[in-house]
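Chemist:
Numbering (the numbering used here), first residue to last: 1 to 272.
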């Protein structure tokens, strides 16, 4: 189970995502991408960036219902996942949170292709618990004198952490905020730090903040996208995978209009 418990939460929260699953499946059938929606036994090993923890259970349910292929997902920072793959981890597909780390896999000759494929765009938010004295929330609350702890993902390992640092620098808040950083290994752990009370406020992904659980216990405000470089998320299929065709099929599925058109419901944006 992931640190945030999204594997179990994904199961409990599938009721809230069932319309999304049904819509995607129906849309694919009507568009001729898939002929039917049926269960099966194939498995696909996916290394997914931590921002996708609330998203993958929804995608996995929709895709398994549509194709019969089960996704077996491992989460972590993009840096950690890339390192594991470079060290021989047996993955079929790597869904990163940026271009840099999937490109490292390509450069090492481990990808089935010459460049990573963009599949979604992410967004950064400021999040705090609903019972926080910092409510109502604003980006400026990051430098509120009452704030002693700010959760942020490690900018060396996590693309969302890099985006958060860039935003703080551009908004001229970095020097004031840095002494209060509680640095997480990935963006999912940053969210957990705020939820658990180990940080008062945090810079986390919109995917986490817009999930049913985090919407229930906290609130967020978007960091203006003009304040940080675009978070474009890229994927690569593994060259040595015995399931390359299935991995490419899933990546193609992510790029279909039926899926891209619903990304905003899970805190992402389409790549075009």
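Beta carbons: idealized from backbone N, C-alpha and C, even for Gly.
In this text the structure is predicted, and so the values were computed from the model without any measurement.
1. If contacts are defined as beta-carbon pairs under 8 Å, then residue 201 and residue 128 qualify, I think. What distance do you get, rounded to the angstrom?
2. Following the continuous alpha helix (DSSP H) through residue 100, name the residue where it begins and the one where it ends.
3. Alpha carbons only, please: which of 94, 62, 118, 257 is nearest the one belonging to residue 76?
4. Considering Cα atoms alone, identify which of 51, 271, 47 is closest to residue 74.
5. With a threshold of 8 Å, are at least 3 pairs of Cβ atoms found where one atom belongs to the stretch 186-202 and the other to the stretch 105-115?
6. Output the residue ranges of the beta strand (DSSP E) runs that lie fully inside the stretch 150-186 and measure 3 residues or longer, sorted by chain position.
7. Residue 51 and residue 97: beta carbons closer than 7 Å?
8. Tell me whether the beta-carbon of residue 194 lies closer than 7 Å to the beta-carbon of residue 235.
9. In the DSSP assignment, find the unbroken beta strand (DSSP E) run with residue 219 in it and report its ends.
10. Please specify which runs of the beta strand (DSSP E), each continuous and at least 3 residues long, are wholly inside the stretch 107-138, giving them in chain order.
11. From what residue to what residue does the beta strand (DSSP E) around residue 203 run?
12. Can the beta-carbon of residue 243 be found closer than 7 Å to that of residue 92?
Modeler: Once the coordinates are examined:
1. 5 Å
2. 100-107
3. 94
4. 47
5. no
6. 150-153, 181-184
7. yes
8. no
9. 218-222
10. 117-122, 124-129
11. 201-205
12. yes
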